[in-house]
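What follows is a set of notes on a single structure, which appears directly below.
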Amino acid sequence: MTLRVRNTLSGETEEFVPEDPDEVRLYYCGLTTSDPPHLGHARSWVHVDVMSRWLRHLGYDVQHVENFTDVNEKIVARVGRDGDDENDVAEHYIAEILDSMRALNLERTEVRPRVSEHVPEIIDLVETLVETGHAYESNGSVYFDVTTFEEYGKLSNQDLAHIEEQGDPDERSEKRNPADFALWKAGGVDTDAIERHRGHDHPGTPAHPEGQTWESPWGEGRPGWHIECSAMSMAHLGETLDIHVGGRDLVFPHHENEIAQSEAATGQPFANYWLHCALFEMDEEKMSSSLGNFVTVRDAVAEYGADALRLFMVSGTYNSRQTYSEDAIDEAVERWERLSRAYDDAVAALDSVDAHTKVVDDDLRAATEAARADFEAAMNDDFNTREALSALSDLASALNVHLAERDAYDYRGLREGVEAFETYGGDVLGFSFGGESGGDVTLAEDLVELVLDLREEARDAGEYERADRLRDELEALDVTVEDTDSGPTYRL
RNA sequence: GCCAAGGUGGCAGAGUCCGGCCUAACGCAGCGGCCUGCAGAGCCGCCCACCGCCGGUUCAAAUCCGGCCCUUGGCUCCA
236 MTLRVRNTLS
246 GETEEFVPED
256 PDEVRLYYCG
266 LTTSDPPHLG
276 HARSWVHVDV
286 MSRWLRHLGY
296 DVQHVENFTD
306 VNEKIVARVG
316 RDGDDENDVA
326 EHYIAEILDS
336 MRALNLERTE
346 VRPRVSEHVP
356 EIIDLVETLV
366 ETGHAYESNG
376 SVYFDVTTFE
386 EYGKLSNQDL
396 AHIEEQGDPD
406 ERSEKRNPAD
416 FALWKAGGVD
426 TDAIERHRGH
436 DHPGTPAHPE
446 GQTWESPWGE
456 GRPGWHIECS
466 AMSMAHLGET
476 LDIHVGGRDL
486 VFPHHENEIA
496 QSEAATGQPF
506 ANYWLHCALF
516 EMDEEKMSSS
526 LGNFVTVRDA
536 VAEYGADALR
546 LFMVSGTYNS
556 RQTYSEDAID
566 EAVERWERLS
576 RAYDDAVAAL
586 DSVDAHTKVV
596 DDDLRAATEA
606 ARADFEAAMN
616 DDFNTREALS
626 ALSDLASALN
636 VHLAERDAYD
646 YRGLREGVEA
656 FETYGGDVLG
666 FSFGGESGGD
676 VTLAEDLVEL
686 VLDLREEARD
696 AGEYERADRL
706 RDELEALDVT
716 VEDTDSGPTY
726 RL
């Protein structure tokens, strides 16, 4: 069984073959450090994280690079509100981004390059493009000449002549063609752009915030938007990437331009597989920072927990848009409860069984095998996390049936089921089964158990009214009590 | 207008590239039963879709072909 992926470049699902048989070089277009990360970003993060985890599961050494765009007018627009200067603002949001990533249980990426630390590489790349005739200087700015790259438009499947028609010929008189894009921008920041981004929500900020500029062969200036990803990915992963991932909203112009400038400069394919994550929709429009219709990762994790959120994200496939709503997340919370409960119950049963038991449940073992095979097949089919999740649900059902209908447990069967949960649900989908208990949790557990002892005394005495009141009071504190044959259990 | 991705049950969302096992998965919600002092969880079962519309190909189509309608994304900063 081999991995197949949907490649935006070809429009087809292809067998995945990395350049190096043991390694996968993956680049993901990261965030601009000017706003708090929201669930839309988290959706892509989680999917890329799962892709990377699956590739590791398949045995590849994954080099996963995700950049921070810390040079941008939007950041300058935040100066005075979120920091004293551009770098300060960027640091502020990078800290929040990293916190959010940790909170979502994302695996750490190998390299997290920043634009501000790669200006020399950017200048080198621009110089190469100028020297080879693919770019030209104009009033201290440098533009990529799209007519010099025959394949321009191949990713977004657009005709250059048509793109040219869309451009505003008056917008930049210094460009040769309307579709040419800036590699290097002369002078300081674009004050119009800053005012646009500032909107009306930044009272009290300086009237004319300064943006940092860098020395270049064309004078003082700032890098263009698209060039950074080419320069940084090449710096860390070489001229040809195996996989380039990003949001579907970046296909044009950003990714198209990355291909043009990179391939024009190196003569090599920039990325062999282009994967695009679809977006969240709220009330039939995408969730985005600029529309203001977002929920921050911080708030969502606090309210629903990382596991329910991750489950919500992977309950759609990465390349299909997904509807965001409170109801949809509530469903994910319920699903997560079901999965984690099945796991917890299986582990508890396993702990109670003698490892030398002769009990064998063929149904359970067969169901576990089937779930494993289904999960593998689903992930290999263009990372179909939705199908994978259903395989995990099937496993949960099989374990529940075993626990509910057998009076003697199959040790090996249970152990295999639990291990499958840990491998596929934990290692691959990134759920934290079993939970973790810190000092406060331990104290809370002791207290809950104390209350439960009192409740058992009441129940034994037939004082159900008092017993139920204790249970209700615990429920009000988010402690769910459940009575079982072997005594009460609870979940925090 | 052009490019791209979609339109599947109350909701959500797979399956469509490689037509038949899809009278449509896994779930959530709802209903009934088992279990239980009760509740919850779990288990068993049920309810709800002829897969946007029209036409075509085929022994056979949600899946292929043609046309149309609608939604979203991109063409300006954006995961």
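Numbering (this note's numbering), first residue to last: 236 to 727. In this text, a Cβ means the ideal position worked out from N, Cα and C, and glycines have one as well.
field: Glu326 versus Asp317 - alpha carbon distance
entry: 10 Å
query: If you draw a straight line from the C-alpha of Pro271 to the C-alpha of Ala312, how long is it?
result: 14 Å
task: Would you kindly check if the distance between the Cβ of Val297 and the Cβ of Leu290 is under 8 Å?
output: yes
- request: Can you tell me which of Ala583, Ala543, Thr719 and Met336 puts its alpha carbon nearest to the alpha carbon of Gly660?
  value: Ala543
message: Please report the distance separating the alpha-carbon of Tyr553 from that of Arg621.
response: 9 Å
message: Pairs of beta-carbons, one from the region 531–551 and one from the region 662–670, closer than 8 Å: are there three or more?
response: yes
field: 7 Å CB neighbourhood of Glu321 in its chain, flanking five on each side removed
entry: Ile310, Val311, Val314, Gly446 and Gln447
message: Taking 8 Å as the threshold (C-beta atoms), are Glu409 and Thr304 in contact?
response: no
query: Taking the C-alpha atoms as reference points, what is the distance between Met517 and Glu569?
result: 21 Å
- request: Could you tell me how far apart the beta carbons of Leu649 and Val686 are, in whole angstroms, since I believe they sit closer than 8 Å?
  value: Incorrect: roughly 30 Å between the Cβ atoms, too far for contact.
message: I want to know whether the region 471–481 touches the region 361–377 - three or more CB-CB distances under 8 Å.
response: no
query: Can you tell which of Glu680, Trp509 and Arg647 has the C-alpha that lies nearest to the C-alpha of Glu250?
result: Trp509
Nearest neighbour of Val582, chosen from Arg726, Gly652 and Gly473 [CA to CA]: Gly652
task: Going by DSSP, name the residue or residues bridged to Thr531.
output: His273
- prompt: How about the region 451–470 and the region 410–423: do they share at least three Cβ pairs that are nearer than 8 Å?
  reply: yes
task: Would you mind giving the Cβ-Cβ distance between Glu362 and His299, rounded to the nearest angstrom? I have them listed as a contact below 8 Å.
output: That pair is no contact at about 29 Å.
task: Pick helix, strand or coil for Gly423, following the three-state DSSP scheme.
output: coil
- prompt: Taking the alpha helix (DSSP H) that Leu634 falls in, what are its first and last residues?
  reply: Thr620 to Glu640
field: Given Asp562 as reference, the closest of Tyr539, Ser575, Tyr578 and Pro256 once Cα atoms are compared
entry: Tyr539
message: Taking the beta strand (DSSP E) that Ala506 belongs to, which residues open and close that run?
response: Ala506 to Cys512
- request: Could you please give the first and the last residue of the uninterrupted beta strand (DSSP E) stretch that includes Val259?
  value: Glu258 to Tyr263
field: Lys410 in three-state terms, based on DSSP
entry: coil
- request: Could you check if Asp596 is buried or exposed, using at least 16 other CB atoms within 10 Å of its CB as the buried criterion?
  value: buried
query: Hey, is the region 488–497 in contact with the region 387–397, meaning 3+ C-beta pairs nearer than 8 Å?
result: yes
- prompt: How would you write the range of the alpha helix (DSSP H) that Leu266 sits in, first residue to last?
  reply: Unbroken run through Leu266: none, as it is neither H nor E.
query: If you run the structure through DSSP and keep just helix, strand and coil, what is Trp460?
result: coil
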